[in-house]
Amino acid sequence: MATMRTPIESGVPDNKPYLHPLMRKNYGNWKYHDRPRPGVLHHVSHTGDEIWTVRAGTQRQMDVYTIRKLCDIADQYADGHVRFTIRSNIEYMVADPNRVAPLIEALTSSGFPVGGTGNSVSAIAHTQGWLHCDIPGTDASGAVKALMDELVSEFVKEEMPNRVHLSTSCCEINCGGQADIAIVVQHTKPPKINHDLVANVCERPSVVARCPVAAIRPAMVNGKPSLEIDETKCMCCGACYPPCPPMQINDPDNSKLAIWVGGKNSNARGKPTFMKMVASGLPNNPPRWPEVSAMVKKILYTYKEDARSWERVSDWIERIGWPQFFEKCDLPFTKYLIDDWRGSRSSLNASTHIRF
Ligand code: SF4
Ligand code: SF4
């Protein structure tokens, strides 16, 4: 007789064993929640149970000493229960209201700001950067650190019109996702090909198929199989670089940074929206990226001043219109900004066929 197949446990593990016991007990049975102060959530269950969650910002890419310190705080003040949010905040759960203040004191005195709830500027969702990924045109953590140093006062308060999500993406392929304000790498020159290496390193048909505008062709160069780029078609997206590292596109001078605004994932008030580019060609200027920070702050504080209560950045722009947005933020408008997809049906490589 056929036996039931047992599941193969290769997906996300069940989180129930790791939940705070009170959360496990009241799973799916919460009545309401409120926020007694920025950085603290208070959930009340239909059974009358209550739990307080304290949220603190972290630097996301952490050394083992920092993680141990966060764990020690959890053991001492929160019965060892923590979780991380998608924006790299750490959350501690306690069932006793008298434990909230000592926990906040322990976190802030150790250098972890408590905040990131409600209408605050949340910690920046940032991509891997040089530490883990093989294709970045800049570091993500560095730009995030430089910017959050300047915006931490907005993380610990809830004084924005609505929540503000920021993100960075250290390549144009962009695993940073949508955000109210995003920093995205912008390559401005086509890749330079090292023809000596292509035949050994790259699977040429995959690279050809990868190009969204069909600008890459196979070619024989110096008697070796290689590739060539039609530079009049290339839009400098960098998609060919991951499958073929000899097609180097990162460049300290010609890889710039762009600012995009108005993206959101939530369905609240309106549908999710895609962000659009509003500033380009900013220098990739480590270690503090002052030009990028100044531009993000200019947009953020114009939004803070001008938006109505509960408007996200996209709602605000929709109400005032793009010309007003550029005027209020003192940004020059060019034909390359906002709508870069007009004509995409005819210009982008929408076919799955390999072209030579
Ligand atoms: S944004 Fe691009 S380079 Fe940065 S981590 Fe994601 S895929 Fe890698
Ligand atoms: S994949 Fe992008 S960068 Fe590479 S050739 Fe095509 S358009 Fe240019």
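Position one of the sequence shown corresponds to residue 60 (this note's numbering), numbered consecutively onward. Idealized CB from N, CA, C, for every residue including glycine. All values derive from a computational prediction rather than experimental measurement.
Less than 8 Å between the beta carbons of residue i and residue j, yes or no?
i: VAL260; j: PRO195; result: no
i: PRO156; j: TRP369; result: no
i: PRO161; j: TYR136; result: yes
i: ALA184; j: GLY175; result: no
i: ALA274; j: LYS292; result: yes
i: ILE308; j: TYR300; result: yes
i: VAL372; j: ASP198; result: no
i: LYS330; j: VAL320; result: no
i: TYR91; j: VAL103; result: yes
i: CYS296; j: VAL257; result: no
i: GLU150; j: THR112; result: yes
i: GLY188; j: SER200; result: yes
i: HIS254; j: VAL280; result: yes
i: LYS128; j: SER169; result: yes
i: VAL351; j: LEU390; result: no
i: GLU231; j: VAL243; result: yes
Is it the case that the CB of residue i approaches a heavy atom of ligand 2 more closely than 7 Å?
i: MET294; result: yes
i: VAL37; result: Summary: the structure shown does not reach residue 37, with the chain confined to residues 60 through 415, and so no result is reported for it.
i: GLY297; result: yes
i: ARG263; result: no
i: VAL272; result: yes
i: PRO250; result: yes
i: ARG269; result: yes
i: ILE288; result: yes
i: ILE308; result: yes
i: ILE163; result: no
i: ILE194; result: no
i: ILE126; result: no
i: ILE318; result: no
i: ILE275; result: yes
Whole angstroms is fine: what's the gap from residue i's alpha carbon to residue j's?
i: PRO97; j: HIS246; result: 39 Å
i: TYR360; j: SER228; result: 22 Å
i: LYS84; j: VAL71; result: 21 Å
i: SER212; j: GLU109; result: 29 Å
i: ARG142; j: CYS192; result: 24 Å
i: ARG146; j: ILE376; result: 24 Å
i: PRO80; j: ARG114; result: 19 Å
i: ARG347; j: SER314; result: 16 Å
i: VAL272; j: LEU316; result: 22 Å
i: ASN326; j: ALA366; result: 19 Å
i: THR186; j: ASP208; result: 18 Å
i: CYS130; j: GLU386; result: 48 Å
i: GLY235; j: ALA61; result: 46 Å
i: SER226; j: CYS270; result: 25 Å
i: ASP33; j: VAL215; result: With the chain covering only 60 through 415, there is no way to say anything about residue 33.
Buried or exposed: where does residue i fall if 16 or more other Cβ atoms within 10 Å of its Cβ makes it buried?
i: GLN237; result: buried
i: MET82; result: buried
i: PRO250; result: buried
i: PRO382; result: exposed
i: GLY139; result: exposed
i: ASN324; result: exposed
i: TYR362; result: buried
i: GLY87; result: exposed
i: GLU290; result: exposed
i: GLY116; result: buried
i: GLY322; result: buried
i: ARG378; result: exposed
Within 7 Å: the Cβ of residue i and any heavy atom of ligand 1?
i: CYS234; result: yes
i: SER228; result: yes
i: ALA160; result: no
i: ALA199; result: yes
i: GLY188; result: yes
Any beta carbon of chain B sitting closer than 8 Å to that of residue i?
i: SER169; result: In the displayed structure, chain B is absent; only one protein chain is listed.
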